[in-house]
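Note sheet for the following structure.
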Amino acid sequence: MSLMLAATIGVVVLALVFDYTNGFHDSANSISTVVATGVLRPRWAVAWAALFNFIAFLFFGTAVANTIGQTVKLGVAGTAVVFSALLGAVTWNYLSWWMGLPTSSSHALIGGLVGAGIAAGGLSAIHWGSVRKAALFMVISPLAGLILAVLLVLMVQGILRVTRSDGSGRPIKGLQLLSSAAVSLGHGTNDAQKTMGVIVALLIANGYLHQSGDKLRIPLWVVLAAHAAIAAGTLSGGWRIVRTLGTRITRLRPADGFAAEASAATALFTSTALGAPVSTTHTVAGAVTGVGVAKGAVRWNTFGAMAVAWVATIPAAAVASAAVYGLVRLPGPVSAISVFAVLAALAAAITAATRRTLRAADLEREISETGRRSAPTATPV
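So, in structure tokens, the structure goes:
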């Protein structure tokens, strides 16, 4: 086996690890509301989400993969650049997960690609059109989720008043299961495609795949591997972020959860069709906030902390990936030792964090206790 092939395989594995962390980090997107409202227990919720994460490839194309795969010009997106981008993104994913902040894995990846690409080839190495599209939807996706959720909550509240329902009956819970599945489909297709794009860009840059025309050709094995990795990550469950999205922005009933998820799914499906690499995290958080706005009960301190993390994601991941690229380009043994030290430190931090992490049983107990208490006072809008 040649050194080039071994390095390529290693970076493809790292890309799938990133995809796994994406599922782990972003599982909250589709399960936070069904867990917070008691429609599904946490363990069943992650299995439900993982299923639809995996089968999403049956329903959507690869337009998002094409956008992400061409963020860095194909002549520059070699092994060192992709490795550095992925390691920077993975580092930020775990750091924000440990803080319980629902940041965007998508923007971490884009930031990583931009940072490593600039470090390797300067500003001209980046297709800024792809970056502008991502930055634009960084604003549009949560705003669209918020507006749609406000409108849908008002509509649902009107229906509940007419039917004299409290919004927690079996029909509403069934609708919430469907809306949760829709968000999982949107998450699976939009986010798995980002990993597909990175892998294909690497294969083209290293000569293992040939590009035909302006669009990237995505091999079936890449599609299946990306969806399997994100589904496996989702099965691991990011309970800290589930708690933030599901309980700390606003109190949710099943009717509220349905409104948030249906709004987020609509925004995700639309953006995926447009080939826009949106943040499922931002979209869902915006929708949950929209529910709170419609009810006049938003915990703005929680939303503010998330907003700061959102803004910090792209530059933080860019700086991290540029630093990793600098280590990779050091002279032979020094580079190997430095990169190994970074990987070892990251692995140790992840292991330590995992031992102290919030478990599904802890979250179930916390939600149960919260349900027995009166709702905390929320800041009026």
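Numbers 3 to 383, taken from the numbering used here, label the letters of the sequence shown in order.
Ideal placement from N, C-alpha and C gives every residue a C-beta, glycine not left out.
Only a predicted model underlies this, so the values are computations on that prediction, with no experimental measurement involved.
Cβ-based burial, residue i [other Cβ within 10 Å; buried from 16]
i: Pro44; result: buried
i: Leu226; result: exposed
i: Thr165; result: exposed
i: Val74; result: buried
i: Val78; result: buried
i: Tyr210; result: exposed
i: Val15; result: exposed
i: Gly12; result: exposed
i: Thr252; result: For Thr252, the predicted model reports a pLDDT of 49, less than 50, meaning its position is unreliable and no value from the coordinates is stated.
i: Asn24; result: buried
i: Val333; result: Per the sequence presented here, residue 333 reads as Pro, with Val not at that position. So Pro333 counts as exposed.
i: Ile50; result: It is Trp, not Ile, that sits at residue 50 in the sequence shown. Classification of Trp50: buried, given that the 10 Å Cβ count is 16 or more.
i: Phe342; result: exposed
i: Asp216; result: exposed
i: Thr249; result: Residue placement at Thr249 cannot be trusted, given a pLDDT of 48 that sits under 50; what the coordinates show is reported in the next sentence. It counts as buried.
i: Leu247; result: Confidence in Leu247 is poor, its pLDDT being 48 and thus under 50, which makes the residue's placement unreliable; the coordinate value appears in the next sentence. That one is buried.
i: Ser376; result: Legend: pLDDT at Ser376 = 42, less than 50; position of this residue unreliable, value from coordinates given subsequently. Ser376 should be labelled exposed.
i: Leu138; result: exposed
i: Ser181; result: buried
i: Ser132; result: buried
i: Leu42; result: buried
i: His27; result: buried
i: Met3; result: exposed
i: Ser273; result: buried
i: Ser214; result: exposed
i: Arg163; result: exposed
i: Ile161; result: exposed
i: Met6; result: exposed
i: Gly306; result: exposed
i: Ala122; result: buried
i: Ile141; result: The amino acid at residue 141 is misidentified as Ile; the sequence shows Val. By the 10 Å Cβ count, Val141 comes out exposed.
i: Met308; result: buried
i: Leu125; result: exposed
i: Arg255; result: buried
i: Ala203; result: buried
i: Leu205; result: buried
C-beta contact flag for residue i and residue j at 9 angstroms
i: Ser281; j: His109; result: yes
i: Ser34; j: Val310; result: no
i: Gly114; j: Ser323; result: yes
i: Gly71; j: Leu218; result: yes
i: Ala207; j: Leu76; result: yes
i: Thr238; j: Val19; result: A small fix is needed here, since residue 238 is Ser in this sequence, not Thr. Going by C-beta atoms, Ser238 is not nearer than 9 angstroms to Val19.
i: Gln159; j: Gly259; result: no
i: Leu88; j: Leu111; result: yes
i: Thr105; j: Trp312; result: yes
i: Ile149; j: Gly294; result: no
i: Ala91; j: Ile174; result: no
i: Ala234; j: Ala151; result: no
i: Ala52; j: Thr285; result: no
i: Val200; j: Ala320; result: no
i: Ala183; j: Ser32; result: yes
i: Ser107; j: Gly288; result: no
i: Gln275; j: Ala65; result: According to the sequence displayed, residue 275 carries Ala and not Gln. Yes, these two residues count as a Cβ contact at 9 angstroms.
Residue interval of the alpha helix (DSSP H) (run including residue i)
i: Arg172; result: 172-207
i: Gln159; result: 130-165
i: Ile57; result: 44-57
i: Ala127; result: No alpha helix (DSSP H) holds Ala127; DSSP gives it neither H nor E.
i: Ser273; result: 256-275
i: Met3; result: Neither: Met3 is in no alpha helix (DSSP H) and is coded neither H nor E.
i: Leu237; result: 222-238
i: Gly294; result: 282-297
i: Phe61; result: Taken as a continuous stretch (DSSP letters only), Phe61 belongs to no alpha helix (DSSP H), as it is neither H nor E.
i: Gly215; result: Careful: Gly215 lies outside any alpha helix (DSSP H) and carries neither H nor E.
i: Val92; result: 81-100
Cross-strand partners of residue i (DSSP beta bridge)
i: Val74; result: Ile128
heavy atom of the ligand ATP below 8 angstroms from residue i C-beta
i: Leu211; result: The ligand ATP is not part of the structure shown, which contains no ligands of any sort.
Next item on the list: Take every Cβ of the segment 179-197, pair it with every Cβ of the segment 217-233, and state whether three or more of those distances are shorter than 8 angstroms.
Entry: yes
Note to self: With three or more beta-carbon pairs closer than 8 angstroms as the criterion, would you say the segment 82-92 touches the segment 108-125?
What the structure shows: yes
Next item on the list: Would you be able to state if there are at least three C-beta pairs under 8 angstroms between the segment 86-97 and the segment 335-349?
Entry: yes
Margin query: Measuring CB atoms only, is the segment 260-267 touching the segment 150-161, in the sense that at least three cross pairs come out at less than 8 angstroms?
Written below: yes
Next item on the list: Inspect the CB distances between the segment 53-62 and the segment 182-189 and report whether three or more fall short of 8 angstroms.
Entry: yes
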